[in-house]
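Residue numbers in the sequence shown follow this note's numbering, run continuously in steps of one, and reach 1473 at the last position. Don't be surprised by glycine CBs; every beta carbon is placed ideally from N, CA and C. Data first, discussion second: the structure below is written as structure tokens.
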Amino acid sequence: GLLENARLMGEYTQGKLSALRARFDLITEVRGIGLMIGVQLKGPGKDIVTKCMAKGLLINCTHDTVLRFMPPMTVRREHIDEAVAILQTVLAEG
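Structure below.
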């Protein structure tokens, strides 16, 4: 059901974002519960959010340095893969 999907996809998303953390020094921590996931940055995240939105990824920034991901409970792996790919592209572009 939905709750099981949220748990599984939350774990999957945190794993994918943690892999980005290993590649980009800007990311200092990935944390979350279910599908509410935060990516702690060393600096402000506003520009990253703007660039992600321009590429079709809707995320927001809290406390100036935390990217917040809150996909729907019906999210599928391919959606998560696409979201993480967009974030990776934005981070790589600087």
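The beta carbon of L1381 sits closer than 8 Å to the beta carbons of M1452, T1453 from its chain, once the five residues preceding and following it are set aside; these are given in chain order. For R1447, the closest C-alpha among the options V1469, G1473, L1420 is that of L1420.
The continuous beta strand (DSSP E) containing V1409 extends over residues 1406-1412. Counting C-beta atoms within 10 angstroms of its own C-beta, P1450 has 16 or more neighbours from the protein chains shown and is therefore classed as buried. Under the 8 Å Cβ criterion, the region 1408-1415 does not count as touching the region 1425-1442, having fewer than three qualifying pairs.
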